[in-house]
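First comes the structure, then the notes that go with it.
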Amino acid sequence: MLCVSRLEEGEEGAAEGTEAQNGATETKTEEPIMTALRAQGKESAMEAELRAAKERAAIPLDVRMQRFRDMLVEKEVSAFSTWEKELHKIVFDSRYLLLTSKERKQVFEKYVKERAEEERREKRNKMRERKDQFQQLLEAAGLNSKSTFSDFAQKYGKDERFKNIEKMRERESMFNDFVQELRKLEREERLNQREKVDLNR
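For the record, in the sequence shown the residue sitting at position 91 is 91 according to UniProt numbering, with numbers rising by one throughout.
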């Protein structure tokens with residue numbers, strides 16, 4: 001038993017030594033390949049930069065800026081992010097080199113500012129639309145001045161128009177405003193009825 005285990009240990013040690021030698025050999029053979037790839041990458045980058053410089057000279061600045069902006073839109077660059085975080089999305093696109101480094105950042109900053117405002121406007125419009133739909137639900141629900149929010153929520157809780165208003169507090173507030181208006185209208189109606197009765201006497 002003892003001899004067998006020593007023999008196994010010897011084999012394992014030999015195997016580990018072979019693996020270490022293979023790893024060293026692989027590293028030695030990989031080094032020239034990696035060096036060649038790096039050199040090729042530098043050449044490609046230099047060639048791309050030279051082509052871009054020629055394009056920059058031939059294409060008017062406003063056209064290049066528009067193409068760069070179009071790229072930002074296509075790559076879905078976030079309006080609430082930073083240049084550094086979004087760079088990986090755009091750096092390999094040929095339009096990236098249409099502008100100088102300074103121009104790229106200027107166009108990016110302008111795009112982000114405009115897009116953020118657009119997104120805020122879209123969000124406001126969407127919220128307004130959802131509130132209008134909730135209002136339509138209130139009108140269609142056949143409510144009266146004695147209706148309660150808990151009954152309304154139980155009956156219409158699965159309706160998309162109900163669920164689209166995310167906060168329960170906001171739903172309840174809109175419901176209460178609606179019922180308050182109904183009470184006011186009912187009071188006015190009762191007053192009108194009394195006045196008619198008084199006039200007929």
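Every residue gets a Cβ at the ideal spot worked out from N, C-alpha and C, and that includes glycine.
Given the structure is predicted, the values throughout are model-derived calculations rather than measurements.
- The C-beta distance from residue 116 to residue 141 rounds to 38 Å, too long to meet the 8 Å contact threshold.
- Between the alpha carbons of residue 182 and residue 196 lies a distance of about 21 Å.
- In this structure, 99 is the residue among 149, 99, 148 and 132 with its C-alpha nearest to the C-alpha of residue 57.
- Taken through DSSP and simplified to helix, strand or coil, residue 81 comes out as coil.
- The beta carbon of residue 69 is closer than 7 Å to those of 107 and 111 in its chain, skipping five residues each way along the sequence.
- The three-state reading of DSSP puts residue 132 in helix, counting H, G and I together.
- Taking the C-beta atoms as reference points, residue 59 is found no nearer than 8 Å to residue 77.
- Residue 172 and residue 83 have their C-alpha atoms some 42 Å from each other.
- When C-beta atoms of the stretch 117 to 137 are compared with those of the stretch 159 to 174, three or more pairs fall below 8 Å, so the two segments count as touching.
- Taking 8 Å as the upper bound for CB-CB distance, residue 67 and residue 95 are in contact here, some 5 Å apart.
- By the C-beta density criterion, residue 64 is buried, having at least 16 other C-beta atoms within 10 angstroms.
- For residue 156, the CB contacts under 8 Å within the same chain, skipping 5 residues up- and downstream, are 137, 141 and 162 in chain order.
- Cβ contact annotation for residue 71 (same chain, cutoff 8 Å, sequence separation greater than five): 90, 93, 95 and 96, in chain order.
- For residue 74, the enclosing alpha helix (DSSP H) starts and ends at 61 to 74.
- Taking 8 Å as the cut-off, the Cβ atoms of residue 186 and residue 145 count as close.
- In the structure shown, residue 175 adopts helical secondary structure according to DSSP, grouped into three states.
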